[in-house]
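*Asks:* Sharing a structure, written as structure tokens. Questions coming.
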Amino acid sequence: MTSQNSKTYESFSIKPLLRYNKTAKTVEVKRSSSDVQACFSKLFDIEENFSYFSGHILKARLLTKLPQTLTLNVGDRLKLVCLENALFPTEIRWYLNDAVLYPTKDGRVMFENNKRELRITAVNRKDAGNITCFVQNRFGIDSTTCVLHIKVFK
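Position one of the sequence shown corresponds to residue 60 (the working numbering), numbered consecutively onward.
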């Protein structure tokens, strides 16, 4: 039960501040620019103010962890999955021995499902080491690491 001009978040509206001029096809401000600025800053406050939530709740979090160690033979296929639980858009990055992994032109290294899956069609000795999945949003970061061992047959 709030009026149209109420300053509460529940009934916030910029309509009373603007007027459309049909002849000039422009929008005119009916009130002072400081009123308009205050309204727009309220809009951004509503969207950006998450202070009533704990950062721990909002941060990106992994639902699955990679195996601690994995041993494969040269030529084997590798598929690792990194599932996250986040309220906000996340960025997922994969690393091999602290170097960012990118998809290769030949398709040997690729990502699927919005980078949640790392696939290597035929592992080789250069793929051995620490494979890390980082998941991050604006509230935090989480990671998981797998040590990959590659057996070479002579």
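Just so you know, even glycine gets a beta-carbon here, dropped at the ideal spot from N, CA and C.
These numbers come from a predicted model, not from an experiment.
With DSSP run on the structure shown, which of helix, strand or coil describes Asp201?
*Replies:* Correct three-state label for Asp201: strand.
*Asks:* When you compare only the Cα positions, how much space is there between Arg152 and Arg178?
*Replies:* Distance between the alpha carbons of Arg152 and Arg178: 13 angstroms.
*Asks:* What residues are listed by DSSP as bridge partners for Lys118?
*Replies:* Lys118 pairs with nothing; no bridge assigned.
*Asks:* Measure the alpha-carbon distance for Asp117 versus Asn144 and round it to whole angstroms.
*Replies:* The amino acid at residue 117 is misidentified as Asp; the sequence shows Leu. About 10 angstroms.
*Asks:* In chain order, what residues of the same chain have a beta carbon less than 7 angstroms from the beta carbon of Gly166, not counting five sequence neighbours either side?
*Replies:* Excluding residues within five positions, the ones whose Cβ falls inside 7 angstroms are Thr180.
*Asks:* Suppose you measure from the CA of Val133 to the CA of Cys205; what does that come to, to the nearest Å?
*Replies:* Roughly 17 angstroms between the two C-alpha positions.
*Asks:* May I ask you to report which of helix, strand or coil DSSP gives Lys185?
*Replies:* It is helical.
*Asks:* Helix, strand or coil for Val133, going by three-state DSSP, please let me know.
*Replies:* Note: Val133 maps to coil in three-state DSSP.
*Asks:* Please classify Arg184 as buried or exposed, where buried requires at least 16 neighbouring CB atoms within 10 angstroms.
*Replies:* Its Cβ having fewer than 16 others within 10 Å, Arg184 is exposed.
*Asks:* By the three-class DSSP mapping on this structure, what secondary structure does Val211 have?
*Replies:* If DSSP states are grouped into helix, strand and coil, Val211 belongs with coil.
*Asks:* Determine the contact status of Val194 and Glu150, defining contact as a CB-CB distance below 9 angstroms.
*Replies:* Cβ atoms of Val194 and Glu150: closer than 9 angstroms.
*Asks:* I need the boundaries of the beta strand (DSSP E) containing Phe170, first residue and last residue.
*Replies:* Counting along the chain, the beta strand (DSSP E) containing Phe170 begins and ends at 168-171.
*Asks:* Give me, in chain order, the residues of the same chain whose beta-carbon lies closer than 6 angstroms to that of Ser202; leave out the 5 immediate sequence neighbours on both sides.
*Replies:* For Ser202, where only same-chain residues beyond five positions count, the Cβ hits under 6 angstroms are Thr191, Phe193.
*Asks:* To which residues does DSSP link Thr191 through a beta bridge?
*Replies:* DSSP, once it has assigned bridges, lists Tyr154, Thr204 as partnering Thr191.
*Asks:* With distance defined between alpha-carbon atoms, name the residue in Ala119, Leu121, Pro126, Glu171 nearest to Leu207.
*Replies:* Of the candidates Ala119, Leu121, Pro126, Glu171, the one whose C-alpha sits nearest the C-alpha of Leu207 is Pro126.
*Asks:* Starting from Leu160 and walking both ways along the beta strand (DSSP E), at which residues does that stretch end?
*Replies:* It is not in any beta strand (DSSP E) - Leu160 carries neither H nor E in the DSSP assignment.
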